[in-house]
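Notes for the one structure printed next.
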Amino acid sequence: MDISSLPIIEMAHLLEAGKLSPVELVEAHLERIDTTNETLNAFITVTREEARSAAKQAEKAIRNGEYRGALHGIPIAFKDLFNTAALRTTSGTTVMADFFPKEDATVVAKLREAGAILLGKLNMNELAFGPTGENLHYGDCLNPWNNSHLSGGSSSGSAATVAAGACAATLGTDTGGSIRIPASLCGIVGLKPTYGRVSLYGVTPLCWSMDHVGPMTRTVMDCALVLQSIAGHDPKDPTSQDRPVPNYMELLTGSGPPLRIGVPQEHVWAPLSEPVRFAVKKALQTFTDLGSSVVEISIPLLTESVEVSTTIMGAEAIASNGAILEKHGSELDPRVKERLELGKAISATDYIQAQKIRTVLVQQTRDVLQSVDILAFPTCSIAAPQRGVTEINAGDARIPVLHALTRLTRFSNLTGYPAISLPCGLSHDGLPIGLQLVGRPFEEETLLHAAYDYQEATEWHLHRPPIG
Numbered sequence: 067m068d069i070s071s072l073p074i075i076e077m078a079h080l081l082e083a084g085k086l087s088p089v090e091l092v093e094a095h096l097e098r099i100d101t102t103n104e105t106l107n108a109f110i111t112v113t114r115e116e117a118r119s120a121a122k123q124a125e126k127a128i129r130n131g132e133y134r135g136a137l138h139g140i141p142i143a144f145k146d147l148f149n150t151a152a153l154r155t156t157s158g159t160t161v162m163a164d165f166f167p168k169e170d171a172t173v174v175a176k177l178r179e180a181g182a183i184l185l186g187k188l189n190m191n192e193l194a195f196g197p198t199g200e201n202l203h204y205g206d207c208l209n210p211w212n213n214s215h216l217s218g219g220s221s222s223g224s225a226a227t228v229a230a231g232a233c234a235a236t237l238g239t240d241t242g243g244s245i246r247i248p249a250s251l252c253g254i255v256g257l258k259p260t261y262g263r264v265s266l267y268g269v270t271p272l273c274w275s276m277d278h279v280g281p282m283t284r285t286v287m288d289c290a291l292v293l294q295s296i297a298g299h300d301p302k303d304p305t306s307q308d309r310p311v312p313n314y315m316e317l318l319t320g321s322g323p324p325l326r327i328g329v330p331q332e333h334v335w336a337p338l339s340e341p342v343r344f345a346v347k348k349a350l351q352t353f354t355d356l357g358s359s360v361v362e363i364s365i366p367l368l369t370e371s372v373e374v375s376t377t378i379m380g381a382e383a384i385a386s387n388g389a390i391l392e393k394h395g396s397e398l399d400p401r402v403k404e405r406l407e408l409g410k411a412i413s414a415t416d417y418i419q420a421q422k423i424r425t426v427l428v429q430q431t432r433d434v435l436q437s438v439d440i441l442a443f444p445t446c447s448i449a450a451p452q453r454g455v456t457e458i459n460a461g462d463a464r465i466p467v468l469h470a471l472t473r474l475t476r477f478s479n480l481t482g483y484p485a486i487s488l489p490c491g492l493s494h495d496g497l498p499i500g501l502q503l504v505g506r507p508f509e510e511e512t513l514l515h516a517a518y519d520y521q522e523a524t525e526w527h528l529h530r531p532p533i534g
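Remember, our numbering sits 66 above the position in the sequence shown when you count from 1.
Put into structure tokens, the structure is as follows:
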């Protein structure tokens, strides 16, 4: 039995029953890191001895009847912009190579309290400002399905290591798609919760009004399990919302009325690669076969989402990172430096106008979600691009890779509504394709339920990459 590829829920059952030791589980994952990380470059820091020590403590606690729940003894890792007490947190830049936080981020503390075991800190685009997984300083993070292709980003290592079976679950951040894009390209599940559902305290900011924290796992059930542990109000985070947290696991498998699924007419279907179009259309048919109704809907300002997001992100990114640009600009990846410099040129008028359009976009989306339960469309226009490629064919159009990756994900960061990516197919050359579902604010349970139903009706989540 390959224990490192089991779903978390199965690992948990074995651990609780004493049929599997946390020590065995951690060693299996460390071995998988040893066999994959040289190729994938998913980790910036591996905490071997700390993980082994924590595994022994978990083993003793479980043996003594002090089982904390389904994450107790489970190996996890964090994108390297989550503060970890006394453990280096680089945010993917050499500027912060010697930053050792004094305390854990709230979500890190919550997962430690749940008994999860930290294996290390994960590679990412520098300062989380990019969707590809390229990093000039720590090396590019590559795709376990084909290591001549990129993993996607900015939560690159978070996706690649889960897909390769080197980590049971990870946390990423998502400002314009940075959880969902690498989840799609690496064939795993990635959830961006509602803005305010999960604390941002102790997480390096990129754009204060669009940053989100979320789980990345191999199955929808595992995603719900991790969300259960990290969701909830945090008084340390001014963006955190004080709302009840449902029992996601309990609601995941229960029966309910058939869903009404809305598919936007605007923006979604072009430019789009043909394999992505085929896979997502087939996924929509699967929902119909399951009893859901799939209807066309209209969100007119969806076509403006990329431009609006670019303006807001640029302005807020320079507000967050202006001091780094001023003091350490020469040390930054030129691509990241250029993006920050562009933010300096955005006027207050441009920013306010973008926020006005954003407000109307949210209203249009809210109105649509009164008549349908969720939205469905592709996560990305393409499967994973080859390393070093800057333009790519997407159907009849040749477009920048950055646009192909982000043009369908930015919308949910503008609205703050929850969105999930899950695997729904493979391209002609065997690279994963992601289906994106978007739900009403603070109704992650509906989104997870729909994703779970689709997952159980298909086998895409069971496919494993060659590297792993």
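Cβ atoms here follow ideal geometry from the backbone N, Cα and C, with glycine treated the same way. All values derive from a computational prediction rather than experimental measurement.
When Gly84, Ala136, Ser437, Glu115 are compared, the shortest CA-CA separation from Pro330 is found for Ser437. Cβ-Cβ separation between Pro337 and Ser447: approximately 6 Å, consistent with a contact (criterion under 8 Å).
Under DSSP, no beta-bridge partner is assigned to Lys393. If you draw a straight line from the Cα of Leu406 to the Cα of Ser386, it is about 10 Å long. Rounded to whole angstroms, Ile418 and Val346 show a C-alpha spacing of 35 Å. Under the DSSP assignment, Phe477 falls outside any beta strand (DSSP E), being part of the alpha helix (DSSP H) whose first and last residues are 476 to 481. Excluding the 5 residues flanking it on each side, Gly298 has same chain C-beta neighbours closer than 6 Å at Val311, in chain order. A Cβ-Cβ separation of about 17 Å leaves Ile142 out of contact with Cys207 under the 8 Å criterion. DSSP places Ala297 in the strand class (E or B) of the three-state scheme. In this structure, Ile327 is the residue among Leu480, Ile327, Leu137 with its C-alpha nearest to the C-alpha of Val360. The closest CA to that of Thr445, considering only Lys422, Lys258, Phe148, is found on Lys258.
Just so you know, the alpha carbons of Thr260 and Ser275 end up roughly 12 Å apart. Per the C-alpha coordinates, the member of Ile247, Glu404, Phe144 positioned closest to Ala485 is Ile247. With the rule of 3 Cβ pairs closer than 8 Å, the stretch 267 to 287 does not count as touching the stretch 453 to 467. When the beta-carbon positions are compared, Ser244 and Gly253 stay at least 8 Å from each other. Judged by DSSP in its simplified three-state form, His138 adopts coil rather than helix or strand.
A straight-line Cα-Cα distance of about 12 Å links Ala389 and Lys403. Under the DSSP definition of a beta bridge, Val264 partners with Ala297.
In this model, Val264 and Asp399 are separated by some 30 Å (Cα to Cα). The criterion of a C-beta distance shorter than 8 Å is not satisfied by Ala108 and Gly218. Around Asp277, the same chain offers Thr239, Asp240, Thr241, Leu266, Val269, Pro271 as residues with beta carbons nearer than 8 Å, after the five sequence neighbours per side are excluded.
A straight-line Cα-Cα distance of about 4 Å links Gly500 and Ser250. For Arg464, the enclosing beta strand (DSSP E) stretches over residues 463 to 466. CA-to-CA, the gap between Asp288 and Ser413 works out to about 43 Å. The alpha helix (DSSP H) runs of length 4 or more contained entirely in the stretch 76 to 141 are, from start to end of the chain, 88 to 106, 114 to 129. Minimum Cα-Cα distance from Gly320 among the listed residues Ile69, Leu514, Ala151 corresponds to Leu514.
Nearest to Val334 by C-alpha distance, out of Ile384, His95, Thr475, Pro304, is Thr475. Distances from the CA of Arg309 to each of Val92, Val434, Glu509 were compared; the closest alpha carbon is that of Glu509.
Under the three-state reduction of DSSP, Ala460 is assigned to strand. Beta-bridge annotation (DSSP): Gly491 is paired with Ile499. For the options Ser71, Ser87, Ala163, Ser221, the alpha carbon positioned closest to that of Phe144 is the one of Ser221. Within its own chain, the residues whose Cβ lies closer than 6 Å to the Cβ of Cys273, once the five positions on either side in sequence are excluded, are Thr241, Met379, Glu382, Ala383, listed in chain order. Within the stretch 325 to 392, the complete beta strand (DSSP E) segments at least 3 residues long are 326 to 330, 359 to 363, listed from N- to C-terminus. Counting along the chain, Val279 sits inside the beta strand (DSSP E) bounded by residues 278 to 283. Ranked by how close their Cα comes to the Cα of Glu522, the residues Leu356, Gly461, Pro498, Leu492 have Leu356 in first place. Following the DSSP letters along the chain, one finds Ser222 inside the alpha helix (DSSP H) bounded by residues 222 to 229.
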